[in-house]
Amino acid sequence: MDNKKKKVVVPIGPYHPLLEEPEYFALFCDGEVVVDVEWQAGYNHRGIEKLCETKSWDQITFLVERVCGICSTSHPFAYVNAVEDLAKVEIPERARYIRSIVGELERIHSHLLWVGLAGHFLGYNTVFMWAWKYREPVLDIFELITGNRQSYAMMKIGGVRRDVLDEDIPVVERVLDELKPKLEMLTQAVLDDPVLSARLKGVGVLTAQDIKDYGAVGPTARASGVAIDVRRDSPCAAYGLVNWQVITCQEGDVFAKAVVRLLECFESVKIIQQCLEKLKKNRGPIAVEVREIPPGEGIGHYEAPRGEVFHYVRSDGTNRPVRHKIRAPSFVNIPTFRASCLGQTISDVAIILAGVDPCYCCTERMLTVYDAQSGRKMMTGTDLVRLSQEKTEKIKQKMGKNG
Amino acid sequence: MNDHIGDLIQKRFTEKIKEVKTHSSHRVYLTVEKEDLLAVADYLFREKGARFVIASAVDELNQFEILYHFSFDKEDVMVSLRVRLTRDNPEAPSLSGLIKGAAWIEREMHELFGINFVGHPGLKRLLLPEDWPEKVYPLRKEFFMTEKKEG
Chain A
623 MDNKKKKVVV
633 PIGPYHPLLE
643 EPEYFALFCD
653 GEVVVDVEWQ
663 AGYNHRGIEK
673 LCETKSWDQI
683 TFLVERVCGI
693 CSTSHPFAYV
703 NAVEDLAKVE
713 IPERARYIRS
723 IVGELERIHS
733 HLLWVGLAGH
743 FLGYNTVFMW
753 AWKYREPVLD
763 IFELITGNRQ
773 SYAMMKIGGV
783 RRDVLDEDIP
793 VVERVLDELK
803 PKLEMLTQAV
813 LDDPVLSARL
823 KGVGVLTAQD
833 IKDYGAVGPT
843 ARASGVAIDV
853 RRDSPCAAYG
863 LVNWQVITCQ
873 EGDVFAKAVV
883 RLLECFESVK
893 IIQQCLEKLK
903 KNRGPIAVEV
913 REIPPGEGIG
923 HYEAPRGEVF
933 HYVRSDGTNR
943 PVRHKIRAPS
953 FVNIPTFRAS
963 CLGQTISDVA
973 IILAGVDPCY
983 CCTERMLTVY
993 DAQSGRKMMT
1003 GTDLVRLSQE
1013 KTEKIKQKMG
1023 KNG
Chain B
219 MNDHIGDLIQ
229 KRFTEKIKEV
239 KTHSSHRVYL
249 TVEKEDLLAV
259 ADYLFREKGA
269 RFVIASAVDE
279 LNQFEILYHF
289 SFDKEDVMVS
299 LRVRLTRDNP
309 EAPSLSGLIK
319 GAAWIEREMH
329 ELFGINFVGH
339 PGLKRLLLPE
349 DWPEKVYPLR
359 KEFFMTEKKE
369 G
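And the structure:
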C-alpha cells in the first residue's frame, strides 16, 4: 500500500472503550470491500521485557501479571512454567489443582467477556448484558479465593502463593452449578438464532493453512480445525490429571470461533469441578521452596483464553534473568487479519477483527476506514460498529424478526 | 513417532548442527550457522509440520543470539534453533518468505536489537514510535532504562 496515503492518517482516539487493546487498524477500501489492512501498534508498549531484566525472579511474577488485565494469570502461569523448566522444579500436587482452577476461572470470565462484546458489535446488546452479568459471579469467586477480582497474584515459582480454603470450596461449587444452566441458555441462544447464523457463518474464514502460515493459536486455530491446545499437548498443572476435551470446529468463520469459546466454558467448568474434588482429598503443601535459579535457559508456555502464551527466560545464576522473552497470543493471531478481512465488506470487519479476541493489555482501540482511491478518512471504529449493528438489523427485518 | 525429533534433525543435517543441548525430552536447543538456518527451518516447518512459535533475540555483549522456537505439539517437544551473529554487523536471513508469521517478530528484533534481516519485504518499525531516534536499540544491554531517548 502506498505510504503517502498513510501519511494523511489522522488518529482517532486515543481512547476507544469497545475493545481492550491500544492498536490501530487502517482498512483500505474499494467501495464496500476491504482491499488491504494495515496495523500499527506500540501505543501501549511498556518495555516489560527490558524491565524484567531489572527485577528479581520473584518480582517478575507480579510484573508479568500486568502484561494483560484480562488474562492476568496466564502470563505468570507461563512464566513460572519457564522458570521451573529452567531449574527443573516439580511442584506439589495440590498446587497443580489450584493453578488449574485459577487458569480455568480466568478462561470462563474472559470468554464471557468476549461473547458480550461480540454481541454488542452485532447489535445484540441483550447478549452483552447477559454475558457480563453471568461473568460477575466468576469475578466474585476470584475475590473470594485470591483476594482480587483481577491480577490474582496466585502463581509463584515452585507452587502457588495462597491456598484455597476448605470453607470456600462449596461456595465455588455453588456458583459453578448456577453458572452452568446460564451458559447453556446463552450457548443455545447463539446456536439457534437464525440471524446470528446469517450474520456470522462464512464470515472472516481462516483455513487450516492460514493458521499454520501465521502460527495462529487458541480458539482462532481450533475454530479452523487445528486441534492445538497447550493444556493437552504439553500438560502442566493439573491438566493431565482431570478429564476434559479440546473443542474444535472445522468452518474457521466467526461463528465457529464463537462456538469454540462457548463450549470451552463448559470444559473449564468440568476441569474446575474435578480439581475442587481433588482438593478436598489432597492435603499436601502448596509450594516447594526454590532458593536459587541456576544458570541456563527455560521455556514455558500455557494456554491462555486467547491461545498460547510463550515465555523464554535465560539465567546467568544471579537473582535476575539476563533475558526474558514474552509472546502473547495476539502477536500471532492479529496478523491473520490479512487473510480474514480482505475481500469482506466493511460491515463485517468489526466482528472479524473482534473474532480473534485481540488483546494484550487494556484501554483503547482505534479503527479508521480509508477510501482506497483518495486515502481520505471515512469512518471511525464507532461508525464500524454502527454499520455492523445496522446489518444485523436488516437481516432481522428480512427474516421478519423484531429487534 | 519413534525417533525423538531432536535426533531426526541431527541425522538429517549432521555436521550442520554445530551444537546440541538437550535440556529435557521436551526441550532441545540446536545451534546452526546462519547460512544453514533457512534449510533447517524449512525442514522443520514444511517437512516436519512444526509450528513456528516465535523468535527470541538475546544480547550476549560480544555477540547476538537468535533462538527460533518451533513447537512439535503432538510430541510435546520444543526445538529451538540457535543462530549466533556478530555484534558489529548483526545480520540473518529472513524467515518471512517461508513463514508469514515470522514477519512481525523480525521487525520487532530489527527495531529493538538492530538486527538486519536479509530478504524481509518490509523491515519497518512495529512497536517503537515514529519519532524514536535512529540506531537506538532499547533491548541492547548498553541501553539503560533511565537513558533519555534523545540522548
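Protein chains in written order, with this note's numbering: chain A, 623 to 1025; chain B, 219 to 369.
Where a beta carbon is used, it is the ideal one built from N, C-alpha and C, also for glycine.
Given the structure is predicted, the values throughout are model-derived calculations rather than measurements.
Point to revise | Residues near Gly319 of chain B in its chain [Cβ-Cβ closer than 6 Å; skip 5 each side] | key: For the purposes of this step, residue 319 of chain B is taken as the residue at position 101 of the second sequence. Here the set comprises Phe270.
Practice item. Please state if the CB of Arg729 of chain A and the CB of Ser846 of chain A are separated by a distance shorter than 7 Å. Key: The residue labelled residue 846 of chain A in the question sits at position 224 within the first sequence. The residue labelled residue 729 of chain A in the question sits at position 107 within the first sequence. Using a Cβ distance threshold of 7 Å, Ser846 of chain A and Arg729 of chain A do not count as a contacting pair.
**Study point:** Under 7 Å by beta carbon: chain B residues contacting Gly1028 of chain A
**Key:** Outside the shown range of chain A (623 to 1025) lies residue 1028 of chain A, about which nothing can therefore be said.
Practice item. Excluding the 5 residues preceding and the 5 following Lys823 of chain A in the sequence, name in chain order all residues of the same chain whose CB lies nearer than 6 Å to its CB. Key: The residue given as residue 823 of chain A occupies position 201 in the first sequence. If we look at Lys823 of chain A and ignore the five residues flanking it on each side, its Cβ neighbours are Asp875 and Phe877.
Exercise for review: Below 8 Å between beta carbons is the criterion; list the residues of the region 717 to 742 of chain A that meet it against any residue of chain B, in chain order.
Suggested key: Answer in chain order: no residues at all.
Review point. Nearest to Asn904 of chain A by CA position, among A:Ser722, A:Pro714 and A:Trp736, is which residue?
Key: Against the first sequence, residue 904 of chain A aligns to sequence position 282. Measuring C-alpha to C-alpha distances from Asn904 of chain A to each of A:Ser722, A:Pro714 and A:Trp736 identifies A:Pro714 as the nearest.
Practice item. Report buried or exposed for Cys801 of chain A, applying the criterion of at least 16 other Cβ atoms within 10 angstroms of its Cβ. Key: Against the first sequence, residue 801 of chain A aligns to sequence position 179. Checking the sequence shown, residue 801 of chain A turns out to be Leu, not Cys. Burial of Leu801 of chain A is indicated by the presence of at least 16 other C-beta atoms within 10 angstroms of its C-beta.
Review point. In three-state terms, what does DSSP make of Cys897 of chain A?
Key: The sequence position of residue 897 of chain A within the first sequence is 275, counting from 1. Look at Cys897 of chain A here: in three-state DSSP terms it is helix.
Check your understanding: Based on Cα-Cα distance, which residue from A:Glu1012, A:Ile915 and A:Asp658 lies nearest to Asp680 of chain A?
Key -> Translated into the one-based positions of the first sequence, residue 680 of chain A becomes position 58. The shortest CA-to-CA distance from Asp680 of chain A to any of A:Glu1012, A:Ile915 and A:Asp658 is the one to A:Ile915.
Exercise for review: Could you round the C-beta distance between Leu255 of chain B and Leu299 of chain B to whole angstroms and report it? I think they count as a contact, below 8 Å.
Suggested key: If you number the second sequence from 1, residue 255 of chain B lands on position 37. If you number the second sequence from 1, residue 299 of chain B lands on position 81. Right, the Cβ-Cβ distance comes to about 7 Å (below 8 Å), so this counts as a contact.
Exercise for review: Find the residues of chain A that neighbour Leu313 of chain B, judging by a C-beta separation of less than 8 Å, and give them in chain order.
Suggested key: Position 95 of the second sequence, counted from the start, is the residue given in the question as residue 313 of chain B. For Leu313 of chain B, there are no C-beta contacts with chain A under 8 Å, since the nearest C-beta of that chain is about 11 Å from it.
**Study point:** 8 Å Cβ cut-off: residues of chain B touching Gly664 of chain A
**Key:** For the purposes of this step, residue 664 of chain A is taken as the residue at position 42 of the first sequence. Neighbourhood of Gly664 of chain A in chain B, by CB distance below 8 Å: Arg343, Leu344, Leu345, Leu346 and Pro347, in chain order.
Check your understanding: At least one CB of chain B closer than 7 Å to the CB of Asp938 of chain A: is that the case?
Key -> On the first sequence, position 316 is the one that residue 938 of chain A refers to. Residue-level contact check: Asp938 of chain A does not touch chain B, since none of the beta carbons of chain B fall below 7 Å from its beta carbon.
Practice item. Give the DSSP-derived three-state secondary structure of Pro311 of chain B in the structure shown. Key: Walking along the second sequence from the start, residue 311 of chain B turns up at place 93. Strand at Pro311 of chain B.
Check your understanding: Within the 7 Å Cβ cut-off, does Ile235 of chain B reach chain A?
Key -> For this step, residue 235 of chain B is matched to residue 17 along the second sequence. No, no contact with chain A.
Exercise for review: Quick one: list the residues of chain A neighbouring Ile317 of chain B, beta-carbon separation under 8 Å, in chain order.
Suggested key: In the second sequence, residue 317 of chain B corresponds to position 99, counting from 1. Residues of chain A passing the Cβ test: Asp835 and Gly837.
Exercise for review: Below 6 Å CB to CB, which residues in the same chain sit around Ser274 of chain B once its five sequence neighbours on both sides are set aside?
Suggested key: For the purposes of this step, residue 274 of chain B is identified with residue 56 of the second sequence, where counting begins at 1. Excluding sequence neighbours, Ser274 of chain B sits near Leu285.
Check your understanding: Hey, out of B:Ser242, B:Ile317, B:Thr249 and B:His241, whose CA is closest to Thr232 of chain B's CA?
Key -> Your numbering for residue 232 of chain B matches position 14 in the second sequence. It is B:Thr249 whose Cα lies nearest to the Cα of Thr232 of chain B.
Review point. Hey, would you say Ser696 of chain A sits closer than 7 Å to Ala849 of chain A, going by beta carbons?
Key: Numbered from its first residue, the first sequence carries residue 696 of chain A at position 74. Numbered from its first residue, the first sequence carries residue 849 of chain A at position 227. The answer is no: Cβ separation not under 7 Å.
Check your understanding: Looking at the C-beta of Asp291 of chain B, does it have a partner C-beta in chain A at a distance below 7 Å?
Key -> Numbered from 1 along the second sequence, position 73 holds the residue referred to as residue 291 of chain B. Taking a beta-carbon distance threshold of 7 Å, Asp291 of chain B counts as an interface residue toward chain A.
**Study point:** 7 Å Cβ cutoff met for Arg302 of chain B and Gln281 of chain B
**Key:** As a first step, residue 302 of chain B must be located in the second sequence, where it is residue number 84. As a first step, residue 281 of chain B must be located in the second sequence, where it is residue number 63. Taking C-beta atoms as the reference points, Arg302 of chain B and Gln281 of chain B count as a pair closer than 7 Å.
Review point. If you draw a straight line from the C-alpha of Lys359 of chain B to the C-alpha of Leu739 of chain A, how long is it?
Key: Your numbering for residue 359 of chain B matches position 141 in the second sequence. Your numbering for residue 739 of chain A matches position 117 in the first sequence. About 41 Å.
Point to revise | Extent of the continuous alpha helix (DSSP H) run through Tyr756 of chain A | key: As a first step, residue 756 of chain A is located in the first sequence; it is residue number 134 there, counting from the start. For Tyr756 of chain A, the enclosing alpha helix (DSSP H) covers residues Asn747 to Thr768.
**Study point:** Under 8 Å from the C-beta of Pro356 of chain B: neighbouring residues of chain A
**Key:** Numbered from its first residue, the second sequence carries residue 356 of chain B at position 138. Chain A residues near Pro356 of chain B: Gly669 and Lys672.
Review point. Hey, is Trp350 of chain B's beta-carbon within less than 7 Å of any beta-carbon in chain A?
Key: Residue mapping note: residue 350 of chain B aligns to position 132 of the second sequence, counting from 1. So no, Trp350 of chain B is outside the interface.
Point to revise | Beta-carbon proximity check, Gly780 of chain A vs Val711 of chain A, cutoff 7 Å | key: As a working mapping, residue 780 of chain A is identified with position 158 in the first sequence. As a working mapping, residue 711 of chain A is identified with position 89 in the first sequence. Against a cut-off of 7 Å, the Cβ pair of Val711 of chain A and Gly780 of chain A comes out as a contact.
Check your understanding: Beta-carbon separation of Leu346 of chain B and Glu329 of chain B under 7 Å?
Key -> Start at 1 with the first residue of the second sequence, and residue 346 of chain B comes out as number 128. Start at 1 with the first residue of the second sequence, and residue 329 of chain B comes out as number 111. Result yes, Cβ atoms of Leu346 of chain B and Glu329 of chain B sit closer than 7 Å.
Exercise for review: Report yes or no: is there a C-beta of chain A within less than 7 Å of the C-beta of Arg245 of chain B?
Suggested key: Working through the second sequence from its first residue, we reach residue 245 of chain B at position 27. Cβ-Cβ to chain A under 7 Å: yes for Arg245 of chain B.
**Study point:** For Ala704 of chain A and Ser694 of chain A, the rounded distance between their alpha carbons
**Key:** If you number the first sequence from 1, residue 694 of chain A lands on position 72. If you number the first sequence from 1, residue 704 of chain A lands on position 82. If you draw a straight line from the Cα of Ser694 of chain A to the Cα of Ala704 of chain A, it comes to about 16 Å.
Check your understanding: Got a sec? Which residues, its chain only, sit under 6 Å from Pro841 of chain A by beta carbon, not counting five neighbours each side?
Key -> In the first sequence, residue 841 of chain A corresponds to position 219, counting from 1. Excluding sequence neighbours, Pro841 of chain A sits near Lys879, Val882 and Arg883.
**Study point:** Element boundaries [beta strand (DSSP E), containing Pro943 of chain A]
**Key:** For the purposes of this step, residue 943 of chain A is taken as the residue at position 321 of the first sequence. It spans Pro943 to Arg949 - the beta strand (DSSP E) in which Pro943 of chain A sits, taken as one unbroken run.
Review point. First and last residue of the alpha helix (DSSP H) that includes Phe361 of chain B?
Key: Sequence index remark: in the second sequence, residue 361 of chain B carries index 143 (1-based). Taken as a continuous stretch (DSSP letters only), Phe361 of chain B belongs to no alpha helix (DSSP H), as it is neither H nor E.
Check your understanding: At least one CB of chain A closer than 7 Å to the CB of Asp294 of chain B: is that the case?
Key -> Here residue 294 of chain B corresponds to residue number 76 of the second sequence, with the count starting at 1. With 7 Å as the cut-off, Asp294 of chain B counts as an interface residue toward chain A.
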